[in-house]
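Chemist: Numbering (my numbering), first residue to last: 1104 to 1218. The C-beta atom is built at its ideal place from N, Cα and C for all residues, glycine as well. Predicted model, so just to flag it, every value in this text is computed and none were measured. Provided herewith is a single structure, encoded as structure tokens, for subsequent inquiry.
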């Protein structure tokens, strides 16, 4: 840990701030907008729902890296296809973990943003 702290001290302050900002905001705008549109379609239209849905994707993004979000969304969409070849996405442990992680992040976002 001491080595990491020393290495961080060597980084210029803007570079350190940028890496933290990048880590916390690795979701592309298109992905955030797509989530908000889907959320609003499920929960209703209006400014209050827009704010809640925006809060929700921001919370999910703070919990789950974008790559993990994409993996989970891919597994969920492949599960909808069905068929014998897609059954691996129902039973494989990594696929279950991706979806479980996303579901936990969504549950936390719902508690925080929709109360």
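What distance in whole Å lies between the Cβ atoms of residue 1172 and residue 1205, which are believed to be in contact at a cut-off of 8 Å?
Modeler: By one-based count along the chain shown, residue 1205 stands at place 102. By one-based count along the chain shown, residue 1172 stands at place 69. Indeed, because the Cβ distance is near 7 Å, the residues count as touching under 8 Å.
Chemist: What are the start and end residues of the alpha helix (DSSP H) that includes residue 1153?
Modeler: Locating residue 1153 in the chain shown gives position 50, counting from the first residue. Segment 1150 to 1166, the alpha helix (DSSP H) holding residue 1153.
Chemist: Between the alpha carbons of residue 1217 and residue 1176, how many angstroms are there, rounded?
Modeler: For the purposes of this step, residue 1217 is taken as residue 114 along the chain shown, with counting starting at 1. For the purposes of this step, residue 1176 is taken as residue 73 along the chain shown, with counting starting at 1. C-alpha separation (whole angstroms): 22 Å.
Chemist: DSSP three-state call for residue 1147: helix, strand or coil?
Modeler: Indexing the chain shown from 1 puts residue 1147 at position 44. DSSP places residue 1147 in coil when its eight states are reduced to three.
Chemist: Could you check what DSSP says for residue 1213 in three-state terms: helix, strand or coil?
Modeler: By 1-based counting over the chain shown, the position of residue 1213 is 110. Helix, per DSSP.
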